[in-house]
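Report on one structure; see the data block that follows.
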Amino acid sequence: MLALRLKSWKSEAVLEEVPEPQLPPAGAIIRVLGAGACHSDLHLMHDFEADPMGWGPPFTLGHENAGEIVALGREAFGLEVGQKVAVYGPWGCGHCRRCAIGEETYCENAARIGAAGGGLGLDGGMAPLMAVPDTRLLIPLGDLDPVEAAPLTDAGLTPYHAVKRSLHKLIPGSAAVVIGAGGLGHMAVQILKAVSPAKVIVVDTRAEALEFARSLGADETLIMGDDTSARITELTGGQGAEAVIDLVGADSTITLGMRVARTRGDLSLVGLAGGSAPFSFFSSRYEVEMASTYWGTRAELMEVISLAQGGLIRSHIQRVKLEDAIGVYRLMREGKLEGRAVVTPNA
Ligand SMILES: [Zn+2]
Ligand SMILES: [Zn+2]
2 MLALRLKSWK SEAVLEEVPE PQLPPAGAII RVLGAGACHS DLHLMHDFEA DPMGWGPPFT
62 LGHENAGEIV ALGREAFGLE VGQKVAVYGP WGCGHCRRCA IGEETYCENA ARIGAAGGGL
122 GLDGGMAPLM AVPDTRLLIP LGDLDPVEAA PLTDAGLTPY HAVKRSLHKL IPGSAAVVIG
182 AGGLGHMAVQ ILKAVSPAKV IVVDTRAEAL EFARSLGADE TLIMGDDTSA RITELTGGQG
242 AEAVIDLVGA DSTITLGMRV ARTRGDLSLV GLAGGSAPFS FFSSRYEVEM ASTYWGTRAE
302 LMEVISLAQG GLIRSHIQRV KLEDAIGVYR LMREGKLEGR AVVTPNA
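Residue numbers for the sequence shown follow our numbering, beginning at 2 and rising by one.
As structure tokens, then:
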């Protein structure tokens, strides 16, 4: 079968023939119906160096996957052949304390496993078939379209996890700031509106991205500039926001987040732009809690899928053939891709 493969660090992915995957005893083979093209794949291709995480190429890309179960291992149970499922992307050991509570992103045995998941060290979903090692990693979709559901596993789950961290602070009258209105940002806005009464303020450099955020329910949208911090302070009655979610992670956005989080508010850093900002006694209001967050838990993915099933959130996508995936990543790198591209290897 044809697969989109990362062959070495610092190289573009290539399409090549690979053998069909073996059926894992406790897992399943999925016919991939949707594999999201994620910005972090560009970091895999262009930014990462040899062995930064203890794993590396060659492997098939695609870590945001959904599809149909075509075979189940002899020790697998709880699901049926023919069922449509989303694939939980971070694959931990399944047994340590973090994995036991579904937090496989922070698996204590990650270094020994030698991969972070399918499409991240192991073969992912940019191919017609994909092996998933354990059925615990599969979440039934019900009537959800698997192509639209694929990005929920990352572009939906990642901002959901960051929002969840601050949910107890997002009381009536509160405010949440979303920095970056791209693939994750457009989900963050819908998630915040679905699960909290907070006023949602969205910041981006692109007017059309802000217009899109407004159509999804954003209460206020601001073009990133010198007065952004003052504007947010004004919009929050001088207090700042209970939660700031930085989906960009540049020097300027982290600095903005530190300035606009209210006393005892949260700043969650999600974006991988690699920026930083100095931390000092006067860099933020008192007792702002800052954390980097990575992806989300298995239970949270079930919650995200429930939100989508209830029609409360929706990923806005364009469908792309596997043969066109390389071109899509090039467009994404040039900042010319609108919305989330989902590769459909069986279309
Ligand atoms: Zn991703
Ligand atoms: Zn583990």
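We put the CB at the ideal spot given by N, CA and C, even for glycine.
None of these values were measured; they are calculated from a predicted model.
Open item on the list: Using 8 Å as the threshold, is the C-beta distance between P91 and K8 below it?
Closed with: For P91 and K8, no; Cβs fall outside 8 Å.
Open item on the list: Short of 6 Å in beta carbon distance, which residues of its chain neighbour V249, apart from the five on each side in sequence? Order them along the chain.
Closed with: The answer, listed in chain order, is I180, G181, G272 and A274.
Task: For M131, three-class secondary structure by DSSP - done: Taken through DSSP and simplified to helix, strand or coil, M131 comes out as strand.
Task: First and last residue of the uninterrupted beta strand (DSSP E) at A244 - done: Following the DSSP letters along the chain, one finds A244 inside the beta strand (DSSP E) bounded by residues A242 to D247.
Open item on the list: When you compare the CB positions of L158 and G120, do they come within less than 8 Å of one another, or not?
Closed with: Going by C-beta atoms, L158 is not nearer than 8 Å to G120.
Task: Which of helix, strand or coil DSSP assigns to F282 - done: F282 sits in coil when the DSSP states are folded into three classes, being neither helix nor strand.
Open item on the list: For Y287 and M46, I'd like the C-alpha separation in whole angstroms.
Closed with: Going by the C-alpha atoms only, they are around 40 Å apart.
Task: Cβ neighbours of L308 in the same chain (closer than 6 Å, five flanking residues each side left out) - done: Hits under 6 Å: A195 and I314.
Task: Chain-ordered residues, beta carbon under 6 Å from a heavy atom of ligand 1 - done: My final list is C39, S41, H64, E65 and D155.
TODO: Compute the minimum distance between the beta carbon of R113 and the heavy atoms of ligand 2, and state whether it is under 7 Å.
DONE: Not one heavy atom of ligand 2 is found less than 7 Å from the C-beta of R113.
Open item on the list: Restricting to Cα atoms, I'd like to know which of G241, P141, S253 and C39 is closest to E339.
Closed with: Among G241, P141, S253 and C39, the Cα nearest to that of E339 belongs to C39.
- [ ] Rounded to whole angstroms, what's the CA-CA distance from E21 to E50? Just pull it up for me.
- [x] Roughly 29 Å between the two C-alpha positions.
TODO: Report yes if the C-beta distance between V86 and I70 is below 8 Å; otherwise report no.
DONE: The Cβ atoms of V86 and I70 lie closer than 8 Å to each other.
Task: For K200, the first and last residue of its enclosing alpha helix (DSSP H) - done: That residue, K200, is in no alpha helix (DSSP H); its beta strand (DSSP E) goes K200 to D205.
Open item on the list: Am I right that L270 and M259 are in contact with their C-beta atoms under 8 Å? What's the rounded C-beta distance?
Closed with: Contact flag wrong, Cβ pair sits at about 10 Å.
- [ ] Report the partner residues of P346 according to the DSSP bridge assignment.
- [x] Bridge pairing for P346: absent [DSSP].
Task: Contained beta strand (DSSP E) runs [length at least 3] in the stretch 63-128, N- to C-terminal order - done: Annotation note: the stretch 63-128 contains the following uninterrupted beta strand (DSSP E) runs of length 3 or greater, listed N- to C-terminal: 66-73 and 85-88.
Task: Span of the beta strand (DSSP E) around P141 - done: Element bounds for P141: L139 to P141.
- [ ] Write down every uninterrupted run of the beta strand (DSSP E) in the stretch 284-322 whose length is 3 residues or greater and which is fully enclosed by it, in chain order.
- [x] Runs of the beta strand (DSSP E) spanning 3 or more residues and lying entirely within the stretch 284-322 occur at 290-293 and 318-321, in chain order.
Open item on the list: On the criterion of 16 or more Cβ atoms from any shown chain inside 10 Å, does T298 qualify as buried, or is it exposed?
Closed with: With 16 or more Cβ atoms within 10 Å of its Cβ, T298 is classed as buried.
Open item on the list: With a threshold of 7 Å (Cβ to nearest heavy atom), would G118 be considered close to ligand 2?
Closed with: No, Cβ of G118 sits at least 7 Å from all heavy atoms of ligand 2.
TODO: Please say whether V19 and A128 have beta carbons closer to each other than 8 Å?
DONE: Between A128 and V19, the gap from beta carbon to beta carbon is short of 8 Å.
- [ ] Might you give, ordered along the chain, the residues of its own chain that have their beta carbon closer than 6 Å to the beta carbon of A219, omitting 5 neighbours on each side?
- [x] Non-local beta-carbon contacts of A219 in its own chain, meaning distances under 6 Å to residues more than five positions away in sequence, involve V190, V201 and V203 in chain order.
Task: When G74, L123 and R137 are compared against E105, the one with the closest alpha-carbon - done: Of the candidates G74, L123 and R137, the one whose C-alpha sits nearest the C-alpha of E105 is R137.
TODO: Taking only heavy atoms of ligand 2 into account, decide whether any of them is closer than 7 Å to the Cβ of H162.
DONE: No, since every heavy atom of ligand 2 falls outside the 7 Å radius drawn around the Cβ of H162.
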